[in-house]
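Its first residue numbered 68, the sequence shown is counted upward by one per residue in our numbering. Working notes, beginning with the structure itself.
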Amino acid sequence: MEFTESYKQTGPCSFSPNARFIAVAVDYRLVIRDTLSFKVVQLFSCLDKISYIEWALDSEYILCGLYKRPMIQAWSLTQPEWTCKIDEGPAGIAYARWSPDSRHILTTTDFQLRLTVWSLVNTACVHVQWPKHASRGVSFTQDGKFAAICTRRDCKDYINLLSCHAWEIMGTFAVDTVDLADIEWSPDDSAIVIWDSPLEYKVLIYSPDGRCLFKYQAYESGLGVKSVSWSPCGQFLAVGSYDQMLRVLNHLTWKTFAEFMHPNTVRGPCYAAVFKEVDEPLQLDMSELCLSDDFSQGNDDSPEEPFRVRYEVMEAPINLPFQKPPAEKPNPKQGIGILSWSNDSQYICTRNDSMPTVLWIWDIRHLEVAAILVQKDPIRAAAWDPTCTRLVLCTGSTHLYMWTPSGAYCVHVPQPQFTITDLKWNSDGSCLFLKDKESFCCAAVPSLPESSEYSSDD
Numbered sequence: 068m069e070f071t072e073s074y075k076q077t078g079p080c081s082f083s084p085n086a087r088f089i090a091v092a093v094d095y096r097l098v099i100r101d102t103l104s105f106k107v108v109q110l111f112s113c114l115d116k117i118s119y120i121e122w123a124l125d126s127e128y129i130l131c132g133l134y135k136r137p138m139i140q141a142w143s144l145t146q147p148e149w150t151c152k153i154d155e156g157p158a159g160i161a162y163a164r165w166s167p168d169s170r171h172i173l174t175t176t177d178f179q180l181r182l183t184v185w186s187l188v189n190t191a192c193v194h195v196q197w198p199k200h201a202s203r204g205v206s207f208t209q210d211g212k213f214a215a216i217c218t219r220r221d222c223k224d225y226i227n228l229l230s231c232h233a234w235e236i237m238g239t240f241a242v243d244t245v246d247l248a249d250i251e252w253s254p255d256d257s258a259i260v261i262w263d264s265p266l267e268y269k270v271l272i273y274s275p276d277g278r279c280l281f282k283y284q285a286y287e288s289g290l291g292v293k294s295v296s297w298s299p300c301g302q303f304l305a306v307g308s309y310d311q312m313l314r315v316l317n318h319l320t321w322k323t324f325a326e327f328m329h330p331n332t333v334r335g336p337c338y339a340a341v342f343k344e345v346d347e348p349l350q351l352d353m354s355e356l357c358l359s360d361d362f363s364q365g366n367d368d369s370p371e372e373p374f375r376v377r378y379e380v381m382e383a384p385i386n387l388p389f390q391k392p393p394a395e396k397p398n399p400k401q402g403i404g405i406l407s408w409s410n411d412s413q414y415i416c417t418r419n420d421s422m423p424t425v426l427w428i429w430d431i432r433h434l435e436v437a438a439i440l441v442q443k444d445p446i447r448a449a450a451w452d453p454t455c456t457r458l459v460l461c462t463g464s465t466h467l468y469m470w471t472p473s474g475a476y477c478v479h480v481p482q483p484q485f486t487i488t489d490l491k492w493n494s495d496g497s498c499l500f501l502k503d504k505e506s507f508c509c510a511a512v513p514s515l516p517e518s519s520e521y522s523s524d525d
């Protein structure tokens, strides 16, 4: 892997959908860099510190959320002189997003008073009253023709279907939820999944015409759904719950065909590989060392750590690090907090929040655990390569961790004192974004060969 030098950042960063650019917020400035040369191609100055950025789907426009003001500013890469500013006045702006046609911006006011669709073509705007959430509760079909927007009135949740061409309401129907948490179209646009708040375990599948196709409730009298995700192929729906279980539903009968537990003890026989991150002291040959002036003054090129990090394959039985959440505190750190599908829908990775240092990788084809990664520090983020079966994760350390069906390995980031707190892939899988507290760098990741054989050494 090849790494770029580190660059300053003070906020959100995002790859463009066409993978050609990366946008970085530096205080009130928006810096656009080329992902090949990393030269600055555009520099925009906003009126306040940037809190949020989002690219339009065509990669021509980009919006910046200045939520302290509150205000939205949009910019064009092809027409740098073009500007757009959206201000809702006293109502404020809690969140903003692009429509699929890249020519409309949807904003939600504070206290969810209304959602407004702003046109960049003719300055027209359309209002939807009482949206349920600011950043959640809005989902677009894959073809970009329709939008489903959650609203709440008279103590009841509703789904509003809007045409993204004329932004007219095509239909509205009530849903059987107590406190709707979020909504998401299926990848084939044939169904809409809706799930309730953690206080009520309820997953509902609706057709676009408002018919309830299936109601799923795994248990009662306990905290319910924590994470939901469609598989990229659209055939599976994964539901992570507070009971520390992952359940997978099929798209034909909407019945559960797999339930995966996350026990804190792995007993034999275990056919999955268990990789544990360990520190291995460096074996230094002291015979040819001699003192010099450079040594007395200090050598900046010397390694920061007297050891290297690698994975060690463990054998069952294995006790995994487990943290029991305190019963008297709200929002307990337990349940499936990370849930992500591989690009081919064969694997899914999960993190049980009561075991924050353990990442589970499940094989959906064989309905079994494929691998378990045990880290030294809590897992901050995990992301699948969009082009192949490769998983990358970070833990706030100076190392990057990767898993493929051939094995797991650790990569040291050569930047001095660079700790990875977040990571993202660009859309073609050629570049990996690594974020530190006040800087970032990118890594050029080589493509996987057909039969890859990796060692677990650094």
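Virtual Cβ for every residue (Gly too), placed ideally from N, Cα, C.
Got a sec? Which residues, its chain only, sit under 6 Å from residue i by beta carbon, not counting five neighbours each side?
i	result
A510	M68, F70, L499
S298	W408, S412
G78	A92, I117
P556	Beyond the ends of the chain as shown, which are 68 and 525, falls residue 556; an answer cannot be given.
F82	I89, N493
V425	L387, V441
L316	L304, T323
S206	A215, I250, E251, W252
P483	none
N85	S126
In its own chain, which residues sit with a C-beta less than 8 Å from the C-beta of residue i, not counting the 5 before and 5 after it?
i	result
A475	A340, F342, Y378, A438, L440, Y468, M469, Y521, S523
D115	Y95, L133, K135, R136, M138
M165	Rather than Met, the amino acid found at residue 165 in this sequence is Trp. If we look at W165 and ignore the five residues flanking it on each side, its Cβ neighbours are E121, W122, A123, L124, Y128, L130, H171, I172, L173.
L187	Y128, A141, C151, R170, H171, I172
Q311	M328, H329, Q401, G402, I403, N419, S421
D243	K269, L271, C279, K282
G211	L124, S166, P167, D168, C231
K199	Q179, C217, T218, R219, D224, L247
Find the nearest neighbour of residue i within the set the options, judged by alpha-carbon distance.
i	options	result
L180	S494, A201, L187, D168	A201
I431	K502, C300, I405	C300
I385	I99, A90, D154, C337	C337
A191	T183, P198, W197	T183
I261	T488, A215, Q401, L434	A215
W234	C416, D246, V193	V193
Q209	F281, S126, P254, D263	P254
S112	Y119, S126, L97	L97
C217	C231, F240, H232, S230	F240
L490	P483, S464, Q484	S464
T456	L426, L434, N410, H433	N410
D246	V333, T486, I226, D256	I226
H433	Y414, A449, A163, V333	Y414
E382	R375, P423, V333, E347	V333
D444	A450, P423, W451, W429	P423
F374	L319, E347, L501	E347
Have a look at residue i and residue j and give me their C-alpha separation to the nearest angstrom.
i	j	result
D368	K106	Note on D368: pLDDT 43, under 50, position unreliable in the model; no value is reported.
C477	H466	6 Å
V295	E251	9 Å
Y74	F324	47 Å
S363	L349	At S363 the pLDDT is 41, less than 50, meaning the model places this residue with poor confidence; the figure from the coordinates comes in the next sentence. Spanning the two alpha carbons is a distance of roughly 22 Å.
V345	S494	32 Å
F389	V436	19 Å
C222	A248	14 Å
P453	G496	6 Å
P275	I259	7 Å
T488	V306	26 Å
V512	W492	10 Å
P481	D503	13 Å
W427	H232	42 Å
A285	Y119	36 Å
G238	P167	20 Å
S104	E287	55 Å
P399	W149	47 Å
R447	D256	32 Å
G204	F213	14 Å
S506	Q76	5 Å
T486	R87	25 Å
D224	L319	26 Å
Is there a Cβ from chain C that is less than 9 Å from the Cβ of residue i?
i	result
V188	The structure shown has no chain C; it contains just one protein chain.
Ignore the nearest five residues each way along the sequence and tell me which others in residue i's own chain have a CB closer than 7 Å to its CB.
i	result
Q529	Nothing can be reported for residue 529: it is not among the residues displayed for the chain, which extend from 68 to 525.
T176	E155, A158, G159, I160, A161
S519	Residue placement at S519 is poorly supported in this model, since its pLDDT is 43, which falls under 50; the coordinates are not used for a value here.
Taking 9 Å as the cut-off, decide whether the C-beta atoms of residue i and residue j are in contact.
i	j	result
S421	K391	yes
L313	F303	no
Y309	Q401	yes
K293	I403	yes
T471	L515	yes
L460	Q442	yes
W197	R219	yes
V195	L229	yes
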